[in-house]
Amino acid sequence: ANEITTAYTADDDNRIDEKVFVRQVLEELTKVTKGLDLSKNVRQLEMLSRLRNMQKTVIEEVGKMSIVHDLPIETDLRFIQGKQEGLENGRIEGRQEGRQEGRVEGMQDTIELLLSSRFGEEGLSFMPKIRGYGDTSRLRTITEALIKAQDIREIDGLI
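Rendered as structure tokens:
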């Protein structure tokens, strides 16, 4: 079986179709190995297929041949490591997005207070537009202008 998977990477003679070649290799593996050895050899083939940019083809053909992997992927150390890294990255991104959304909402609330206290109902009429802005630099510019403005028309161009 090792010879079959090694021959797979050594075949530089692209005489036959990629799918046909992969299917032939898989058929040979199923003839000479069974059970856990077959699973191990199919995984080895999948890893080696990356060297030739054929991993997608190997995975497709393995799926078509209904080769049963006796070892669940969930127990594979690389799978576990990748899953943990993915979860951690997701947590980090979620926290960053949450902080950004919190900053935006806080700035929008500040603008709403300024509009209400400085310009009353007329000022609050701008809030639907303000709620649509997610850019903190734009919201900061509007806030600074509101602090300095004497008349609502002074900020009309910013909003």
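Residue numbering for the sequence shown is -6 to 152, as defined by our numbering.
Quick reminder that beta carbons are idealized off the backbone N, C-alpha and C, glycines included.
Do L139 and L117 have their C-beta atoms closer together than 8 Å?
In the sequence shown, counting from the first residue as 1, residue 139 sits at position 146. In the sequence shown, counting from the first residue as 1, residue 117 sits at position 124. In this structure, L117 does not lie closer than 8 Å to L139 by Cβ.
Determine the contact status of R96 and E54, defining contact as a CB-CB distance below 8 Å.
Within the sequence shown, numbered from 1, the residue matching residue 96 stands at position 103. Within the sequence shown, numbered from 1, the residue matching residue 54 stands at position 61. For R96 and E54, no; Cβs fall outside 8 Å.
So, I123 versus I148, is the Cβ gap smaller than 8 Å?
Mapped onto the sequence shown, residue 123 falls at position 130. Mapped onto the sequence shown, residue 148 falls at position 155. Cβ distance not < 8 Å, so I123 and I148 don't count as in contact.
Can you name the start and end residues of the alpha helix (DSSP H) that R111 belongs to?
Locating residue 111 in the sequence shown gives position 118, where the first residue counts as 1. Per DSSP, R111 belongs to the alpha helix (DSSP H) from L70 to L117.
Cβ separation of I145 and E115, assumed to be a contact under 8 Å, to the nearest whole Å:
As a first step, residue 145 must be located in the sequence shown, where it is residue number 152. As a first step, residue 115 must be located in the sequence shown, where it is residue number 122. Going by Cβ atoms, the distance from I145 to E115 rounds to 6 Å, so yes, they are a contact pair.
Which of helix, strand or coil DSSP assigns to M47
The count along the sequence shown starts at 1 and reaches residue 47 at position 54. Three-state result, M47: coil.
Following the continuous alpha helix (DSSP H) through T23, name the residue where it begins and the one where it ends.
Within the sequence shown, numbered from 1, the residue matching residue 23 stands at position 30. Here the alpha helix (DSSP H) through T23 covers E11 to V25.
Using only the alpha-carbon positions, how far apart do L41 and E20 sit?
As a first step, residue 41 is located in the sequence shown; it is residue number 48 there, counting from the start. As a first step, residue 20 is located in the sequence shown; it is residue number 27 there, counting from the start. Between L41 and E20, the C-alpha separation is close to 17 Å.
Would you check if the distance between the CB atom of V129 and the CB atom of L151 is smaller than 8 Å?
Working through the sequence shown from its first residue, we reach residue 129 at position 136. Working through the sequence shown from its first residue, we reach residue 151 at position 158. For the record, residue 129 in the displayed sequence is Thr; it is not Val. No, the pair does not count as a contact, with Cβ atoms beyond the cut-off.
For the alpha helix (DSSP H) that I123 lies in, which residues bound it at each end?
Your numbering for residue 123 matches position 130 in the sequence shown. Residues M120 to R124.
Quick one: measure Cβ to Cβ for D50 and M100, integer angstroms, because I've assumed they're closer than 8 Å.
Position 57 of the sequence shown holds residue 50. Position 107 of the sequence shown holds residue 100. Residue 50 is actually Thr in this sequence, not Asp. The Cβ separation is near 51 Å, so there is no contact.
Just verifying my parser: in three-state terms, what is the DSSP assignment at I152?
Within the sequence shown, residue 152 is the residue found at index 159, counting from 1. Coil at I152, not helix or strand.
If you run the structure through DSSP and keep just helix, strand and coil, what is D30?
For the purposes of this step, residue 30 is identified with residue 37 of the sequence shown, where counting begins at 1. In this structure, D30 counts as helix in the three-state DSSP scheme.
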